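What follows is one structure encoded as structure tokens, with my remarks underneath.
2 protein chains.
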Amino acid sequence: MAAATPSNPPPLLADPPPGSGTRARIRHAAARLFARRGYAGTGLKQVATDASAPFGSIYHFFPGGKDALAEDMIRTTGPQFMALVLGLLEERDDPVDAVVHAFDSAARDLVASGYADGCPVATMALDVVDTNETLRGAAADVFAEWIDGGTAWFSRHVSPDRARDLASAMVMLVEGAFLLGRTSRDPEPLRAAGRSMATLLAAAR
Amino acid sequence: MAAATPSNPPPLLADPPPGSGTRARIRHAAARLFARRGYAGTGLKQVATDASAPFGSIYHFFPGGKDALAEDMIRTTGPQFMALVLGLLEERDDPVDAVVHAFDSAARDLVASGYADGCPVATMALDVVDTNETLRGAAADVFAEWIDGGTAWFSRHVSPDRARDLASAMVMLVEGAFLLGRTSRDPEPLRAAGRSMATLLAAAR
DNA sequence: GTCTATAAGGAGATAGAC
DNA sequence: GTCTATCTCCTTATAGAC
Numbered sequence: 186m187a188a189a190t191p192s193n194p195p196p197l198l199a200d201p202p203p204g205s206g207t208r209a210r211i212r213h214a215a216a217r218l219f220a221r222r223g224y225a226g227t228g229l230k231q232v233a234t235d236a237s238a239p240f241g242s243i244y245h246f247f248p249g250g251k252d253a254l255a256e257d258m259i260r261t262t263g264p265q266f267m268a269l270v271l272g273l274l275e276e277r278d279d280p281v282d283a284v285v286h287a288f289d290s291a292a293r294d295l296v297a298s299g300y301a302d303g304c305p306v307a308t309m310a311l312d313v314v315d316t317n318e319t320l321r322g323a324a325a326d327v328f329a330e331w332i333d334g335g336t337a338w339f340s341r342h343v344s345p346d347r348a349r350d351l352a353s354a355m356v357m358l359v360e361g362a363f364l365l366g367r368t369s370r371d372p373e374p375l376r377a378a379g380r381s382m383a384t385l386l387a388a389a390r
Numbered sequence: 186m187a188a189a190t191p192s193n194p195p196p197l198l199a200d201p202p203p204g205s206g207t208r209a210r211i212r213h214a215a216a217r218l219f220a221r222r223g224y225a226g227t228g229l230k231q232v233a234t235d236a237s238a239p240f241g242s243i244y245h246f247f248p249g250g251k252d253a254l255a256e257d258m259i260r261t262t263g264p265q266f267m268a269l270v271l272g273l274l275e276e277r278d279d280p281v282d283a284v285v286h287a288f289d290s291a292a293r294d295l296v297a298s299g300y301a302d303g304c305p306v307a308t309m310a311l312d313v314v315d316t317n318e319t320l321r322g323a324a325a326d327v328f329a330e331w332i333d334g335g336t337a338w339f340s341r342h343v344s345p346d347r348a349r350d351l352a353s354a355m356v357m358l359v360e361g362a363f364l365l366g367r368t369s370r371d372p373e374p375l376r377a378a379g380r381s382m383a384t385l386l387a388a389a390r
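If you read the sequences in order, they're chains R and F.
Mapped onto this note's numbering, the consecutive letters of the first sequence carry residue numbers 186 to 390.
Mapped onto this note's numbering, the consecutive letters of the second sequence carry residue numbers 186 to 390.
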């Protein structure tokens, strides 16, 4: 069954719907800033400003402060991103077509965001891996779930042990491609990653 | 020709040789902290402390301040890392063996550093890509050189157009594997990346 | 040249008015 | 609950003693 999801899902970090509550606006602004600038590079004052919320409201809704807000963002946007990718994969019947389509779609979204929005957790993960054990663990949980989810998807087309290596490769290629694409302001790495992923999948069948 | 380089090159961010000058110690401490904690997450006070140097010496040797120091680190450690990888690739005659060997060696180094040292520029690149155009450009230059260097190496074994996709895939897999490996404190992503890279190279020959 | 003290500003966090 | 003012600490950067 293909095309189970709409072919133009909203970007993960688009503006929040008008009329959203203060808490929702704070979460949205925080997700965007943390994803783009990392943990240390994001100031709570900026979060409040972007959310059009008073500074104190952050501590009203997130008594744990910056750490609690960041962990919430990692654990929320991580699964959202996986759902988005799995949705894209369902839009094509042939698995090789599906993989290439997902990477091409990611390339378009990256350009559309002005090369700002790639992986919602990678920037924060690298930022905190050496200094914040709680947030490192949260990011590790997210990546593990992605690989499990990817393994399940690839298992529909190849043997389980091969499926796991394919899922790992897919996550790594996505992350590497977002890093190169954002840094070079070029969508080509994502398309190249899609071609490589298609080759790997074809070789495993 | 194989084994052109020693089989145990010193880690990129090992301690500086005793008797190093103040400038060298500052550059070394900065390279390590920027690589591990990113740009915003690294304080110049910490750099001075780690370098056993007075705070003011940073501005004596780097009048441009934090930005100048960070750009120097990106442009210095980037080529060093490529040289290290190319050296590892020369230690095996068969190209598929060489690729697997390089990833296995990277996996060992990652574990040996306590999962602290992966790519010397990726953390900073993601940290600054949205906020500092100069440093973003420096990181983009480094990645472009890596892909050019990798394309030249793969061109010894496959056609030029295929060599470029292989080089891109290698950089992306390395970066993704370092991200997953550091975050999960697990060397397995680097080994999985090596297996995928071997598959891609074999498929391209 | 090496090093210290301080300036000026921004950070996270809190207290309390409304 | 919403919002403001402030507290304390830490940052980059500089001035100037030695």
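Even for Gly, the Cβ is constructed at its ideal location relative to N, Cα and C.
Quantities reported herein were computed from a predicted structural model and do not represent experimental measurements.
In this structure, leucine 351 of chain R sits near leucine 386 of chain R, with a CB-CB distance shorter than 9 Å.
Here DSSP, grouped into helix, strand and coil, assigns glycine 206 of chain R to coil.
Contact between glutamate 360 of chain R and glutamate 256 of chain F is absent: CB atoms are separated by about 24 Å, not below the 8 Å threshold. For a Cβ distance threshold of 7 Å, residue set Asp350, Ala354, Leu385 of chain R lies close to serine 381 of chain F, ordered along the chain. In the DSSP assignment, aspartate 294 of chain F falls within the alpha helix (DSSP H) that extends over 280-297. Take the alpha-carbon of aspartate 371 of chain R and the one of alanine 354 of chain R: they are about 21 Å apart. Segment contact: the region 202-214 of chain R against the region 306-318 of chain R, fewer than three CB-CB distances shorter than 8 Å; contact not assigned. Glutamate 256 of chain R is outside the set of residues whose beta carbon lies under 9 Å from a beta carbon in chain F. Contact annotation: in the region 304-325 of chain F, residues whose CB is within less than 7 Å of a CB in chain R are Ala307, Thr308, Ala310, Leu311, Asp312, Val314, Asp315, Thr316, Arg321, Ala324, Ala325.
Look at the region 199-271 of chain R and you find these whole runs of alpha helix (DSSP H), each 4 residues long or longer: 207-222, 229-235, 240-246. Inclusion of proline 203 of chain F and histidine 213 of chain F in the CB contact set at 9 Å is not warranted, their separation being larger than that value.
Of the residues assessed, phenylalanine 240 of chain R falls on the exposed side of the cut-off, its CB having fewer than 16 other CB atoms within 10 angstroms. Residue-level contact check: threonine 368 of chain F touches chain R, since one or more beta carbons of chain R fall below 9 Å from its beta carbon. The alpha-carbon separation between alanine 348 of chain F and glycine 334 of chain F amounts to approximately 10 Å. When the Cα atoms are used, leucine 218 of chain R and aspartate 235 of chain R turn out to be separated by approximately 9 Å. Counted as a single uninterrupted DSSP element, the alpha helix (DSSP H) harbouring aspartate 326 of chain F occupies residues 318-339. In the displayed model, serine 353 of chain F falls within a helix according to three-state DSSP. From the beta-carbon of glutamate 275 of chain F, no residue of chain R is found nearer than 8 Å; the closest lies around 23 Å away. Using a Cβ-Cβ cut-off of 9 Å, valine 296 of chain F does not count as an interface residue toward chain R, since no Cβ of chain R sits closer than that to its own.
Membership of arginine 376 of chain R in the alpha helix (DSSP H) is indicated by the continuous run 373-389.
Taking 9 Å as the threshold, the shortest C-beta distance from valine 359 of chain F to chain R falls below it.
Taking a Cβ-Cβ threshold of 9 Å, none of the residues of chain R is close to alanine 292 of chain F; the smallest such distance is about 13 Å. Annotation: the continuous alpha helix (DSSP H) that includes leucine 311 of chain R extends over 307-313.
Of the residues F:Ala297, F:Cys304, F:Pro264, F:Ala291, the one whose Cα lies closest to the Cα of arginine 222 of chain F is F:Cys304. A buried status is given to proline 374 of chain F, since no fewer than 16 other beta-carbon atoms sit within 10 Å of its beta-carbon. The three-state reading of DSSP puts proline 196 of chain F in coil, since its state is none of H, G, I, E or B. Lysine 230 of chain F sits exposed, since fewer than 16 C-beta atoms from the chains shown fall within 10 Å of its C-beta. Within the same chain, and ignoring the five residues on either side of alanine 324 of chain F in sequence, the residues whose Cβ sits closer than 6 Å to its Cβ are Ile259, Val306, Ala310. For a cut-off of 8 Å, the C-beta gap from leucine 273 of chain R to serine 298 of chain R is around 16 Å, too long to register as a contact. Relative to the Cα of leucine 271 of chain R, the nearest Cα in the group R:Thr336, R:Gly228, R:Ala378 belongs to R:Thr336. Around the beta carbon of serine 237 of chain F, fewer than 16 other beta carbons sit within 10 angstroms, so the residue counts as exposed. Only residues of its own chain outside the window of five on either side were considered, and among them Ala348 have a CB closer than 7 Å to the CB of serine 340 of chain R, listed in chain order. Here glutamate 360 of chain R carries a helix assignment [DSSP, helix/strand/coil].
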